[in-house]
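Undergrad: Quick mapping for you: the protein sequence lines, in order, are chains A and B.
Residues 1 to 427, numbered by the working numbering, are exactly what the first sequence covers, in order.
Residues 428 to 854, numbered by the working numbering, are exactly what the second sequence covers, in order.
First the structure, then my questions, so here it is.
2 protein chains.
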Amino acid sequence: MSAPLRIGIAGLGTVGAGVVRLLQTHGSLLEMRAGRPLRITAVSARRREVDRGVDLSGYAWVEEPSTLAGRDDVDLVVEVIGGEGAAAATIRAAVAARKPAVTANKALLAAEGVVLAAEAEAAGTVLRFEASVAGGIPIVKALREGLAANATTRIAGVLNGTCNYILTEMERTGAAYEDVLAEAQQLGYAEADPAFDVGGHDAAQKLALLATIGFGAAVPMDALKVEGISGVTLEDIRHARDLGYSIKLLGIAQRAGDELEVRMQPSFVPGSSALGLVEGVTNMVVVDADFVGQTVHEGPGAGAGPTASAVVADIVDIARGHGGPVFGCPAEQLTSPAITTLGTAAPHYLRLSLDDRPGALAEVAGALARHGISIDRMRQMSHETDSAPVLIVTHACVRDTLDRALEEITALDACGARPIAYRIEVV
Amino acid sequence: MSAPLRIGIAGLGTVGAGVVRLLQTHGSLLEMRAGRPLRITAVSARRREVDRGVDLSGYAWVEEPSTLAGRDDVDLVVEVIGGEGAAAATIRAAVAARKPAVTANKALLAAEGVVLAAEAEAAGTVLRFEASVAGGIPIVKALREGLAANATTRIAGVLNGTCNYILTEMERTGAAYEDVLAEAQQLGYAEADPAFDVGGHDAAQKLALLATIGFGAAVPMDALKVEGISGVTLEDIRHARDLGYSIKLLGIAQRAGDELEVRMQPSFVPGSSALGLVEGVTNMVVVDADFVGQTVHEGPGAGAGPTASAVVADIVDIARGHGGPVFGCPAEQLTSPAITTLGTAAPHYLRLSLDDRPGALAEVAGALARHGISIDRMRQMSHETDSAPVLIVTHACVRDTLDRALEEITALDACGARPIAYRIEVV
């Protein structure tokens, strides 16, 4: 019998309590798979007197999470506090003590992951973060290990369950964005302050982490132009469906010459494609790589059970002695390519509102033409107001050219507001 | 710089040549990810004078593959010979030399995997087989490691690309089984002797390996009643579609009380489900597990590139020092539950041919009723011959009860031949 792996858990929110419950539930199964008992010895959280639905009486209670790593009875630290301050201190203390750390903290990793990885690798210890990306889908492991023999070509993902729930519910029920968001908040699928999710930032952090593994490249968050879903209307969703598409908050990472293209934006994807069919809070990552071709990875993107599954899988790996660099190649060998969010040429969907007067459509078409953008389809909707909704599907064009044309169109007297533009992605 | 991992490759067919090509293509990428150079030093195949499209001039040529492991310049043996004789000898020689082995050999593992695993674990070495199941999908790793924190509830898979290609082409083009099979053979998607694939045996071996990992249980192949796709007709496919289903060669492994249920049979699955939408030679594995819920894993099920991707991922793991038991828990702790292929109660689709005379349908319905099987839907097709095609969808019933009823029906004067029965699976 090997010695137990003694675990200190920092953070006892939904995820932390889920990790405790999992370790308590599957003690003998995990011992068999990990080759040694996995034993919680110490826990830490802000408030002690909270009923978390799990029995914590056998564990030492630690007030200051960053002291967990220094304890003689802790071999591994789980950081599920969230945020950056105390979480970073907790992980850094583990690294300083040369003890492995497991985290679910995408924000911290997206902000400081490369630095933390370098520190962990210099200290000869392990930092794992499966739970930070796509909840229960073992996609970090798949990219870092399962697909390690390939040069990654593209990573495409639906990575935020809140956004995907809202978009699929809007499509399914015909309810407006605000109503579905309120419902999602009631169901616990959206935070009271949903800005981080619906603004695309949560998904962008996850995409950046996947891109770092897949392309061996640092992806600074401030290099990303992130677009959220709050501007998506029921009209857009209906038009998309009429054209054979679904609207998804889609993340794409792919090489573009010497640059790395990393985008997070609402996009039209073919309604019958795997990504077009992802429903509700489910996440999906589609990886294209040179030898293997395309693999698809789908599963629950959040929740106590899926997140605990990912955290404990990392613990089992560490118990088995599986190490290796944090992002699959040593932090010092990660490259720093220029990041572009523009994307290659693609058709775009445009929705605009035009004064109902002669010549208005011609002015729009003229502005597009001056930028070399040709029109695949155009449709003016019937209307009862003075301004007419107009839909345009362009032929392939580059986003910055389109943006310049849209500026001209916005400046037209006939145009009510800046047109909405969504990329039509071939996935 | 760490010492190179020196690789001996036994077998230079499509897969072996693919492994050589991958290792030659991605030398520096793999060195970065594995932490050390991966270097082929010796190769072995039956015939030397074959143009395999890769340069083998830098490698020692070994006549007898089982001698690879004994060489001083070989640290790891790749077995991609296939079959059981020479392949088993090659792997056993590696185990005897306490050197890790990587294989793509599902037949050998399905037959002798538990014994080989016990031998490798006793010798303190590693045996990996990602490429044996579902080609390029890293599903062995996902089950063994990524989902290791869970008790597996069910594994469902479309695991044979040949069968899935044939079934989806029949549905897509309306061509008959024999014609699509011939086309698949021309395209290289089916073997000259397709019996092993279309009979379901290839898929059953893969399912058995996944079940061993997922449920920690030995699955002797002779305990499985395997049904292939050669009896599936265009009529069945059309009827399935009319009812909202696709026909897939579906493997299911799940606990059934103290028994382990392992089935491989053509089944109706909802046409809009993930499994119902798997097309062509693509494979898919859907895993249900207690904490994570459902994850879906999809990708190319065969081919030189995907298989090489899986083989080399195993090599990278070993180069990093990742060991652990072959099936995710020690071979000596694998259980030996009774295996059942019957399955829980489910609706079934029946197709039979009845003499067109009064009372024939009543006799069929009576036989079903005597076994407690009630009918959800029944349809007699228009026909120009003396016998009428009849379709029946039953309410949920257990297969062995149904089989007894079908025996009675087969014995009826009015019945032309034993009815066709396919399970309708909720996935």
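Heads up, the beta-carbon is just placed ideally off N, CA and C, and yes, glycines get one too.
Every value quoted in this text rests on a predicted model; they were computed, and no experiment measured them.
Helix, strand or coil, according to DSSP, for Lys568 of chain B in the structure here?
TA: Here DSSP, grouped into helix, strand and coil, assigns Lys568 of chain B to helix.
Undergrad: On the three-pair Cβ rule with 8 Å, is the region 319-333 of chain A touching the region 192-205 of chain A?
TA: no
Undergrad: Counting only C-beta atoms, is Ser309 of chain A closer than 8 Å to chain B at any point?
TA: Output row for Ser309 of chain A: interface = yes.
Undergrad: Flag Ala218 of chain A as yes if its beta-carbon sits less than 8 Å from any beta-carbon of chain B, otherwise no.
TA: no
Undergrad: Using a Cβ-Cβ distance under 8 Å, would Gln186 of chain A count as near chain B?
TA: Under the Cβ criterion of 8 Å, Gln186 of chain A is not counted among the residues facing chain B.
Undergrad: Just to confirm the assignment: which complete alpha helix (DSSP H) runs, minimum length 4, are found wholly within the region 665-705 of chain B?
TA: Counting only runs of 4 or more, we get nothing.
Undergrad: Would you mind telling me which residues of chain A sit closer than 7 Å to Arg460 of chain B, beta carbon to beta carbon, in chain order?
TA: Under the 7 Å cutoff, chain A gives Ala148, Gly328 and Cys329.
Undergrad: Taking buried to mean at least 16 other C-beta atoms within 10 Å of its own C-beta, is Pro138 of chain A buried or exposed?
TA: It counts as buried.
Undergrad: What distance in whole Å lies between the Cβ atoms of Phe642 of chain B and Leu687 of chain B, which are believed to be in contact at a cut-off of 8 Å?
TA: The distance from the Cβ of Leu687 of chain B to that of Phe642 of chain B is about 6 Å, consistent with a contact at the 8 Å cut-off.
Undergrad: Give the straight-line distance between the Cα atoms of Ala832 of chain B and His775 of chain B, rounded to the nearest whole angstrom.
TA: 12 Å
Undergrad: What residues of chain B sit near Ala123 of chain A, judged by a beta carbon separation below 8 Å?
TA: The premise fails here: Ala123 of chain A is roughly 16 Å from chain B at the closest Cβ pair, so nothing lies under 8 Å.
Undergrad: So for Pro306 of chain A, helix, strand or coil by DSSP?
TA: Reduced to three states, the DSSP call for Pro306 of chain A is helix.
Undergrad: Which class does Ala381 of chain A belong to by DSSP, given the choice of helix, strand or coil?
TA: For clarity, residue 381 of chain A is Met in the given sequence; the question names Ala instead. Reduced to three states, the DSSP call for Met381 of chain A is coil.
Undergrad: Tell me the rounded alpha-carbon separation between Asn105 of chain A and Glu84 of chain A.
TA: 8 Å
Undergrad: Kindly list the residues whose CB is nearer than 8 Å to the CB of Leu56 of chain A, restricted to its own chain and excluding five residues on each side of it in sequence; keep chain order.
TA: Leu12, Val20 and Val43
Undergrad: For Ala772 of chain B, which residues from the same chain have a beta carbon less than 7 Å from its beta carbon, with the 5 sequence-adjacent residues on both sides left out?
TA: Ala823, Cys824 and Val825
Undergrad: Confirm, please, whether the CB-CB distance from Met711 of chain B to Leu661 of chain B is below 8 Å.
TA: no
Undergrad: Please list, in chain order, the residues of the region 195-210 of chain A that have any C-beta partner in chain B closer than 9 Å.
TA: none
Undergrad: Would DSSP call Pro727 of chain B helix, strand or coil?
TA: strand
Undergrad: With DSSP as the reference, please indicate the residues paired to Ile7 of chain A in a beta bridge.
TA: A:Ile40 and A:Leu76
Undergrad: Assign Gly8 of chain A to buried or exposed, taking buried as 16 or more other Cβ atoms, counted over all protein chains shown, within 10 Å of its Cβ.
TA: By the Cβ-count criterion, Gly8 of chain A is buried, with 16 or more other Cβ atoms from all chains shown falling within 10 Å of its own Cβ.
Undergrad: Going by other Cβ atoms of all chains shown within 10 Å of its Cβ, with 16 needed for buried, is Thr335 of chain A buried or exposed?
TA: Thr335 of chain A is exposed by the Cβ-count criterion.
Undergrad: Tell me whether Val133 of chain A is buried or exposed, calling it buried when 16 or more other Cβ atoms sit within 10 Å of its Cβ.
TA: buried
Undergrad: I'd like to know whether the C-beta atoms of Asp591 of chain B and Leu676 of chain B end up nearer to each other than 8 Å.
TA: Asp is not the amino acid found at residue 591 of chain B; the sequence shown has Asn there. The answer is yes: Cβ separation under 8 Å.
Undergrad: Taking 8 Å as the CB-CB limit, is Leu503 of chain B close to chain A?
TA: Contact with chain A is absent for Leu503 of chain B, since none of that chain's Cβ atoms lies less than 8 Å from the residue's Cβ.
Undergrad: For chain B, is any of its Cβ atoms less than 8 Å away from the one on Pro138 of chain A?
TA: The C-beta of Pro138 of chain A comes closer than 8 Å to at least one C-beta of chain B.
Undergrad: Give, in chain order, every unbroken run of the alpha helix (DSSP H) that is at least 4 residues long and sits entirely within the region 565-635 of chain B.
TA: 588-600, 604-613 and 622-625
Undergrad: For the alpha helix (DSSP H) that contains Arg448 of chain B, what are its first and last residues?
TA: Thr441 to Thr452 is the span of the alpha helix (DSSP H), which, as asked, contains Arg448 of chain B.
Undergrad: Please classify Ala331 of chain A: does DSSP put it in a helix, a strand, or coil?
TA: Three-state DSSP puts Ala331 of chain A in a helix.
Undergrad: With 8 Å set as the bound, which would you pick, yes or no: does the beta-carbon of His383 of chain A sit closer than that to a beta-carbon of chain B?
TA: no
Undergrad: Does the distance from the CB of Gly730 of chain B to the CB of Gly562 of chain B come in under 8 Å?
TA: yes
Undergrad: What first and last residue would you give for the alpha helix (DSSP H) that runs through Thr821 of chain B?
TA: Unbroken run through Thr821 of chain B is the beta strand (DSSP E), Ser814 to Thr821; no alpha helix (DSSP H).
Undergrad: Using only alpha-carbon positions, find the residue among A:Trp61, A:Arg39, A:Thr41 and A:Ala89 that is nearest to Glu49 of chain A.
TA: A:Trp61
Undergrad: If distances are taken between C-alpha atoms only, which option among A:Asp400, A:Arg357, A:His371 and A:Gly174 comes closest to Val390 of chain A?
TA: A:Arg357
Undergrad: Given Arg418 of chain A, which residues of its chain have a CB within under 6 Å of its CB, disregarding the five upstream and five downstream residues?
TA: Thr410
Undergrad: Going along the chain, which residues of its own chain have a beta-carbon closer than 7 Å to the beta-carbon of Thr152 of chain A, five neighbours each way excluded?
TA: Close CB contacts of Thr152 of chain A within its chain, under the 7 Å cut and outside five residues either way in sequence, are with Gly214, Phe215, Val287 and Ala289 (chain order).
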